[in-house]
Amino acid sequence: MKFSHIGIPVTNSFEGEIDLPHFKMTVSDHENNPYGIQWQRYWKDAPYPELVKTIPHVAFVEVNGAPVELMEYNN
496 MKFSHIGIPV
506 TNSFEGEIDL
516 PHFKMTVSDH
526 ENNPYGIQWQ
536 RYWKDAPYPE
546 LVKTIPHVAF
556 VEVNGAPVEL
566 MEYNN
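The sequence shown begins at 496 in this note's numbering and counts up one residue at a time.
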């Protein structure tokens with residue numbers, strides 16, 4: 496596995512926004528962030544669970560190219 500990014504959901508706009516209409520979200524360029532941080536703002540109609548839209552995660556790319564997103568939360 497290879498490290499991809501740290502995804503951090505936010506609710507406010509941020510500098511350098513990249514709109515991804517097909518995912519209904521806006522992100523920052525994690526490849527040009529020295530720590531691999533990707534700010535993520537989900538659109539109101541984004542079809543993701545609240546967990547995805549509110550909890551930070553660490554993402555890796557598997558050898559075959561499949562993304563692996565790791566999240567931790569408490570019940």
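Ideal Cβ placement from N, Cα and C applies to all residues, glycine included. Just so you know, these numbers come straight off a predicted model, no measurement behind them.
Residue i versus residue j - alpha carbon distance
i, j, result
"K548", "P504", "6 Å"
"S508", "P562", "26 Å"
"Q533", "V556", "15 Å"
"N527", "L546", "26 Å"
"V558", "Y543", "26 Å"
8 Å CB neighbourhood of residue i in its chain, flanking five on each side removed
i, result
"F518", "A541"
Sequence-distant residues of its chain with Cβ nearer than 7 Å to residue i (five each side left out)
i, result
"N564", "Checking the sequence, you will find Glu at residue 564 rather than Asn. Excluding positions up to five away in sequence, the list reads H552 and A554."
Under 7 Å between C-beta atoms of residue i and residue j
i, j, result
"S523", "G511", "yes"
Closest Cα partner of residue i within the set the options
i, options, result
"D514", "Q535, M496, P529 and N527", "Q535"
"T506", "M520, I532, Y530 and G531", "M520"
"L516", "E545, L546 and W538", "The identity of residue 516 in the sequence shown is Pro, whereas the question assumes Leu. Looking at the Cα atoms, W538 is the closest of the given residues."
"Y530", "G502, M496, V556 and G560", "G502"
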